[in-house]
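The structure appears right after this line, and notes come after that.
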Amino acid sequence: MKRDQAEELKSLQDTLYFIGGKWRIPVINSLCNGNRRFREIERSIPGITTRMLSKELKEMEMNKLVKRTVYDDTPVSVEYEPTEYCRTFGNIIMEMINWGRDHRKFIQKNK
Numbered sequence: 000m001k002r003d004q005a006e007e008l009k010s011l012q013d014t015l016y017f018i019g020g021k022w023r024i025p026v027i028n029s030l031c032n033g034n035r036r037f038r039e040i041e042r043s044i045p046g047i048t049t050r051m052l053s054k055e056l057k058e059m060e061m062n063k064l065v066k067r068t069v070y071d072d073t074p075v076s077v078e079y080e081p082t083e084y085c086r087t088f089g090n091i092i093m094e095m096i097n098w099g100r101d102h103r104k105f106i107q108k109n110k
């Protein structure tokens, strides 16, 4: 099968755009680990600011990666959950986690 390098490059660029920097993957990982409320997500990601988490969640909602549900309680509560589409990225995240663990071991072993 002949590979189309131009198409592969575009697909890689789309994936890297989706990953979108430092916080996107940790937010997805937090959501997939069951954190639903804003503060739960925030506490589960060391170093993320409230402003950055808010920005990430808004962008993810716009891109159909997160479903935001507002409950008319007193006080109003908001929950976030990964969409089925977002969950399709789960295997890739697990591979990234595994590769990162292996890489860390490799580097430490070969110092």
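Mapping of the sequence shown onto numbering that gives the first Met the number 0: position 5 corresponds to residue 4, and the numbering continues sequentially without gaps. A virtual CB, placed ideally from N, CA and C, is assigned to each residue, including glycine. Here the structure is a predicted model, which is why all the values come from computation and not from measurement.
For T48, the secondary structure class from DSSP, reduced to helix, strand or coil, is coil. Excluding the 5 residues flanking it on each side, R23 has same chain C-beta neighbours closer than 7 Å at E55, in chain order. Cα atoms of G46 and S29: separation of roughly 14 Å, rounded to the nearest angstrom.
Inside the segment 16 to 104, DSSP marks whole beta strand (DSSP E) runs of 3 or more residues at positions 65 to 70 and 76 to 81, from first to last along the chain.
Under the criterion of beta carbons closer than 8 Å, T82 and K63 qualify as touching, at roughly 6 Å.
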